[in-house]
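Sequential numbering from -2 applies to the sequence shown in this note's numbering. Glycine included, C-beta positions come from ideal geometry on N, C-alpha and C. Since this is a predicted model, take the numbers as computed values, not measurements.
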Amino acid sequence: MRPLLSTCPRLRWQWQTSTVPKTFDWPTNLVEVEIPEIGVAELAELLSGDISLIDVREPDEYAEARVPGAILIPLETIPERVSDLPGNHLYMICALGGRSLKAAEYLTARGWTCTNVAGGTNGWVEAGYPYDSGPTVD
């Protein structure tokens, strides 16, 4: 588990997606939360059951490679799409684990139980697990 402490009422996050930089205000609470983490091997075992895996990457990343069954909800849309979240325990994934950790912190502070997938989709693919690719239909 990695303890996190949000020290600002609003954090500004910026990352590079393709060649277009994305910046948005990420609302946070002044609350300390601990986010459990699992690796891709543990995720592979859990996928045989009924889990909710949320992929917070951008649609172009998701189309390139995704863990089978992952639901795309890009990080910047999490605040307005909380009603789309299935269940109460969510497994969060991104490319490496950073964006999904931020989403997990945000949701945990608001009552969800979240687990971050360390290593993310890149780790999943590098470990040789099967993955889906191609465009999706919303």
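Excluding the 5 residues preceding and the 5 following residue i in the sequence, name in chain order all residues of the same chain whose CB lies nearer than 8 Å to its CB.
| i | result |
| --- | --- |
| Leu44 | Leu50, Val64, Pro65, Gly66 |
| Met36 | Here residue 36 turns out to be Gly, not Met, going by the sequence shown. So the list reads Val114, Ala115, Gly116, Gly120, once near-sequence residues are dropped. |
| Leu1 | Because the pLDDT of Leu1 is 40, which lies under 50, any placement of that residue in the model is unreliable, and the number read from its coordinates should be weighed accordingly. Around Leu1: Glu29, Val30, Glu31, Ile32, Leu98, Glu102. |
| His86 | Ile48, Ser49, Trp109, Thr110, Cys111, Thr112 |
Find out if the Cβ-Cβ distance for the pair residue i, residue j is shorter than 7 Å.
| i | j | result |
| --- | --- | --- |
| Ala38 | Pro132 | no |
| Ala106 | Ile32 | no |
| Val53 | Cys91 | yes |
Within a Cβ cutoff of 7 Å, which residues of the same chain sit near residue i, ignoring the five residues on either side of it in sequence?
| i | result |
| --- | --- |
| Ala41 | Tyr126 |
| Asp129 | Arg63, Pro65 |
Under 6 Å Cβ to Cβ from residue i, same chain only, skipping five residues before and after it: list those, please.
| i | result |
| --- | --- |
| Ile70 | Ile51, Arg78 |
| Leu104 | Cys111 |
| Asn26 | Because the pLDDT at Asn26 is just 48, under 50, the model does not fix this residue reliably, and the point stays unresolved. |
| Met89 | Ile51, Ser97, Ala100, Ala101, Cys111, Asn113 |
| Gly84 | Ser49 |
| Leu93 | Gly117, Asn119 |
Quiz item: Can you list the alpha helix (DSSP H) stretches of 4 or more residues lying completely in the stretch 82 to 123, in chain order?
Solution: With a minimum length of 4 residues, the unbroken runs of alpha helix (DSSP H) contained wholly in the stretch 82 to 123 fall at 95 to 105, 117 to 123.
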